[in-house]
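Enquirer:
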Amino acid sequence: MERLFNLDFQLLHDATLLAVSVLFLGILLSYLLFNPVRKFMQDRADGIAADLATAKTDKEEAEELKKQYEEKLKSVDKEADAILAEARKKALQNETNIVNEAKEEAARIIKNAQEQAELEKKRVADEVKQQMITVAAMMAQKVVAQNIDTTMQDSLVEETLKEMGGSTWQS
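Our numbering numbers the first residue of the sequence shown as 100 and each following residue consecutively.
1. Over the uninterrupted alpha helix (DSSP H) stretch that includes Asp107, give me the two end residues.
2. In the DSSP assignment, the alpha helix (DSSP H) including Ser254 goes from what residue to what residue?
3. Measure the alpha-carbon distance for Ser174 versus Ala161 and round it to whole angstroms.
4. Rounded C-beta distance between Leu255 and Met231? I'm assuming under 8 Å.
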């Protein structure tokens, strides 16, 4: 027998058998171990891709919610401004009403005071008339008692009028 590269047949046979065994073992291990690992890695990649897609949709939803909240905040600011404007308007109306009521009350008080003053004036005028009647009666008594002439009577009237005041009996 001839040797190939100084190898004997048994060695070549063992080497071939070893190579076939390693190849068979590699295929078997690939089928039994590498495929589950590949499947696990693929599942993990799919899960990561799904998580990324979910995160992307969540981010888009969050941005949409943020826009909605910002719009709501703007509308709340506008609504607050409208409420404040309405409150100011009502306050001005209340102020106007209070001022008008105060003016009406003041006018009513002034009117009552004027009426009271008129009544007091009339009462005082009546008292003055009563006093004038009393004085006239006293004068008449004096005139009758002294039985005097007209010059004396005129001087008595003038004297009485001076005592009472000239303008008092004319009202």
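Think of the CB as a built atom: it goes at the ideal place given N, C-alpha and C, for glycine as much as any other residue.
Remember, it's a predicted structure, so these values are computed and weren't measured experimentally.
Expert: In short, the structure shows the following:
1. Membership of Asp107 in any alpha helix (DSSP H) is not indicated, and neither H nor E is assigned to it by DSSP.
2. Looking at the DSSP string, the run of the alpha helix (DSSP H) that includes Ser254 is Thr249 to Met263.
3. Rounded to the nearest whole angstrom, the C-alpha separation of Ser174 and Ala161 is 20 Å.
4. That pair is no contact at about 14 Å.
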